[in-house]
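*Asks:* Got a structure here, written out as structure tokens. Questions coming.
In our numbering, the protein residues as written are 2 to 69.
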């Protein structure tokens, strides 16, 4: 939870945050930070759900067409 709320990726960043350091050194090789999905969680989840439903519907329609 601390990692997600404060955009912490590496163990070193977490330690610096827990020790109260103001300037946390970011490792450029760390996992890329996904800014938009983090800020717009509901919209991201809805878009993911709609995309998955569309793909599932298309696959179901194709299988139904092949079986009938």
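Backbone N, C-alpha and C define an ideal beta-carbon position, used for all residues, glycine too.
Taking only the alpha-carbon atoms, compute the straight-line gap between residue 53 and residue 39 and give it to the nearest angstrom.
*Replies:* One C-alpha to the other measures close to 19 Å.
*Asks:* Could you compute how far the alpha carbon of residue 19 sits from the alpha carbon of residue 48?
*Replies:* Looking at the two C-alpha atoms, the distance is approximately 34 Å.
*Asks:* Can you tell me where the alpha helix (DSSP H) holding residue 10 begins and where it ends?
*Replies:* No alpha helix (DSSP H) contains residue 10, which DSSP labels as neither H nor E.
*Asks:* Express the C-alpha separation of residue 61 and residue 4 in angstroms, rounding to a whole number.
*Replies:* Each residue's alpha carbon lies about 38 Å from the other.
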